[in-house]
Structure formats: C-alpha cells, structure tokens
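K.L.:
Start counting the sequence shown at 87; every next residue gets the next number (my numbering). One structure, as structure tokens, below. Some questions next.
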Amino acid sequence: MVLDDSQIYQRLDPSDMHQRIADLPIQCCHAWEMGLRLPLPEEYSQVNRIVTVGMGGSAIGGDLIAGLASLEEAPSITPVRDYLLPNWVGPQTLVVVSSYSGDTEETLSAFMEALDRGAKIVAITRGGQLQLHAERGKIPLLKIDFHGEPRAAVGYSFLAPLGILSKLRFMKDKSMDLGEAVQVVKEKAAVWSKDNATRHNLAKQIAQELQGRMVVVYGASIMSGVARRWKTQFNENSKSWAFAEELPELNHNSVVGYPLPEAVKERAFVLLLQSSYSHPRTNLRYRVTQEILTRVGVRHQTIEAHGNSALAQMLSTILLGDFISYYLSILNGVDPSPVEVIGYLKERLSEL
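Okay, here's the thing in structure tokens:
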C-alpha cells in the first residue's frame, strides 16, 4: 500500500504537515487558555452583536463558533469574509478580527472600518500590520506563537475566540467539553496516524476512495462549518477540486442536479458529515439524500461524528478531514504544505 510506505512521507512532506495535524489537541488547549486569559475591558461584555472577521484559515473559526453558538442562547454571531462590514456594525458590536499573518488586506480593511465605527475590537494575529494597528490603538491583542500554515492553526482560529466569548459570558464555559474533546482527538490522532496501516485507518481508506474524484462535502448544524473546513483542506492540502453544501438547503436544489453532466456524476464523491446535534428531521433528510445518491449512481459515504459534546464531535471530525486531505495529497504526489498560487495572486494584486 502506497500510504503505508514511510519513505513517501519523507519525500512529499518535508515540512511535516502530518505532525501539525496530529498536534490539534495541544493547540486547542493552548488557544483556549489564551482566550480565557486575555485582559478585556468590562464594556466588551455589554455588546448585543458579534462579528468575526477573517479570510481563509483565519476565518474558519468564525463559522465553527457560529455553529456552536446556535445550540445556546448566545448573541447573534456573523462571520465576515470581506473588505466591508455589515452596515449595522457599531459601538454595540464586538468585532473579533483574525489574521494569521497580520497582513491580510481584506481583514485589515474591515479592521479599520470597525475602528471608524467605534466597535469593540479584539485582534488575533501572529504579527504584521494588524498587530501594529492594535498596539497603536490599545486594542486587546491575542498574539499567536505558532509556526506553520494559517490553516494548520485551526485550534487558534477556533478555540482562542471561543475562550474570549466564554470569558465575556456570551457562551457557556466549554472547559469540560474541551477535556472530552481533547481525549477523543488524541485517541483518533493515533488511529488515523500515518504509522497506522491502511487496513485499520479510516482516513487512509477514504483518501483512496477519493483519489481522482471531485469531492462534495455535506454538513448540517454544527457540521456546516466543519464541511467547509473539509472543502478548503482538500483545496489547499490535496490541491484538488472540492465543494461544500448545507443540509437541509441542498434538498431544495442540489439534489435536482445530480444526473448531469454525466462525466461529472461519474467522477463525483459525496461525503456526508453527520452529528447527533442535527434536527431529527434533518437526520431523516441525510438518509433520503443517500437513497437519492444511490439511485442516480453517485458514490458517497456517511461520516458519523465521534464524541458526546458538540465540541468533541466538531474537533474529531475536523481532525479526520485534515488527515484525509493529507493522505489524498500524498496519493496525488504533491506536498500538502505550499499554496503557491495564493502567493502569486497576492503578488499580482499588489501590482494592480
């Protein structure tokens, strides 16, 4: 089996993305504590709306937190991936701005707009212009000490702002849930490791099924953000086409398009991420959607989330997706770490 050959990892993964994926539980614990310890003004706890701002790997945490918050009596949380903020953002809005590099132009634009509108701002970054602006404006700053790709810092993107919102009492304390989540993720990291043979390794098995196929990931409720994470990991790690959609919405449109084009249908593979926190009727929709996929001849597989708490189910499923995308990169013969085209895009934009 290709994925059981240790030498291929040395050749295709020289910077050890595998280890950064496996370190997710350590990263989550550290990020959670950082969020809880960040000093914040008292008035930050009096806002009535919350916005998360970021792009790419720095943005996914906002989606995950919004999904988690939907299970609680939490304020509305709106993820923003743009240069502009919604018009309603103002002094009664908490804006959590996240940019791993600190130099993401869309994020910096939204940050400056939040400043102009008098919003309550928290900045999360490793450095760059965002750190400089935050320090200059005496804005609460959570400084990330991590070396790797922005997408590999998902623990910071998710758990650091979650800790901040818990500290401000906008969301329930997740300490107990995190304890369970870390235990589940540690166990699964060993099972899905490159050192575990393919015959015992679900991540490797699914990667083999996906090779040469166009992947579509379905998720509902807390799995919607996780599905988006899977999609972007296939894009960036595996260097392959992938898409994400939400249940139950896709039952009102996407299912109609399954038959055509025939060439796409034959190469498509649908992954359905399922959680015990979905609405009972949504769970029935998962089942019927699988029946439709089978009927039209589209290959698919359902992924059941591990763990009891919503946080455990989200983090363990994120870990599985990260490992699958990693193994797919190996099967594709590409290094999972570089994203050269993004560098090219930024360079060209700087010239325009």
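Glycine residues also receive a C-beta, built at the ideal position from the N, C-alpha and C atoms.
Hey, ASN323 and TYR412 are a contact pair by Cβ (cut 8 Å); roughly how many whole angstroms apart?
P.N.:
Start at 1 with the first residue of the sequence shown, and residue 323 comes out as number 237. Start at 1 with the first residue of the sequence shown, and residue 412 comes out as number 326. About 6 Å separates the two Cβ atoms, so the contact holds.
K.L.:
For the region 331-419, which segments carrying the alpha helix (DSSP H) assignment without a break, of at least 4 residues, lie completely within its bounds, in sequence order?
P.N.:
Here the runs fully enclosed are 348-353, 366-382, 396-417.
K.L.:
Nearest-angstrom Cα distance between GLU426 and PRO366?
P.N.:
Residue mapping note: residue 426 aligns to position 340 of the sequence shown, counting from 1. Residue mapping note: residue 366 aligns to position 280 of the sequence shown, counting from 1. Those two C-alpha atoms are separated by around 43 Å.
K.L.:
So what's MET300 in DSSP terms, helix, strand or just coil?
P.N.:
For the purposes of this step, residue 300 is taken as residue 214 along the sequence shown, with counting starting at 1. DSSP places MET300 in strand when its eight states are reduced to three.
K.L.:
Given a cut-off of 8 Å on the beta-carbon distance, is the pair SER144 and PRO236 in contact?
P.N.:
Locating residue 144 in the sequence shown gives position 58, where the first residue counts as 1. Locating residue 236 in the sequence shown gives position 150, where the first residue counts as 1. Their beta carbons are under 8 Å apart, which means SER144 touches PRO236 by this criterion.
K.L.:
Just the C-alpha distance for GLN291 and GLY153, rounded to the nearest angstrom, thanks.
P.N.:
In the sequence shown, the residue the question calls residue 291 occupies position 205. In the sequence shown, the residue the question calls residue 153 occupies position 67. Rounded to whole angstroms, GLN291 to GLY153 spans 28 Å at the Cα level.
K.L.:
Since LYS206 is in the beta strand (DSSP E), which residue starts that stretch and which ends it?
P.N.:
As a working note, residue 206 is residue 120 in the sequence shown. Its beta strand (DSSP E) spans residues 206-211.
K.L.:
Where does the unbroken beta strand (DSSP E) through ARG444 begin, and where does it stop?
P.N.:
Absent from the model: residue 444. The displayed extent of the chain is 87 to 438, so no value can be given.
K.L.:
Which residues does DSSP list as the beta-bridge partners of PRO100?
P.N.:
Here residue 100 corresponds to residue number 14 of the sequence shown, with the count starting at 1. DSSP lists no partner for PRO100.
K.L.:
Can you tell me whether GLU331 is buried or exposed, with buried defined as 16 or more other CB within 10 angstroms of its CB?
P.N.:
Along the sequence shown, one-based indexing puts residue 331 at 245. Under this definition GLU331 is a buried residue.
K.L.:
Who are the Cβ neighbours of CYS114 in its own chain at under 6 Å, not counting the five residues just before and after it?
P.N.:
As a first step, residue 114 must be located in the sequence shown, where it is residue number 28. Excluding residues within five positions, the ones whose Cβ falls inside 6 Å are GLY241, LEU245.
K.L.:
Out of PRO424, ILE404, GLY298, LEU248, state which residue places its alpha-carbon closest to the alpha-carbon of LEU417.
P.N.:
Residue mapping note: residue 417 aligns to position 331 of the sequence shown, counting from 1. For the residues PRO424, ILE404, GLY298, LEU248, the minimum Cα distance to LEU417 belongs to GLY298.
K.L.:
I need the straight-line Cα distance from ASP263 to ILE389, nearest angstrom please.
P.N.:
For the purposes of this step, residue 263 is taken as the residue at position 177 of the sequence shown. For the purposes of this step, residue 389 is taken as the residue at position 303 of the sequence shown. The alpha-carbon atoms of ASP263 and ILE389 are separated by roughly 21 Å.
K.L.:
With a 10 Å radius around its C-beta and 16 neighbouring C-beta atoms as the bar for buried, classify SER361 as buried or exposed.
P.N.:
In the sequence shown, residue 361 corresponds to position 275, counting from 1. Buried, because 16 or more other Cβ atoms sit within 10 Å of the Cβ of SER361.
K.L.:
Might you give, ordered along the chain, the residues of its own chain that have their beta carbon closer than 8 Å to the beta carbon of THR380, omitting 5 neighbours on each side?
P.N.:
Along the sequence shown, one-based indexing puts residue 380 at 294. Cβ within range, chain order: HIS386.
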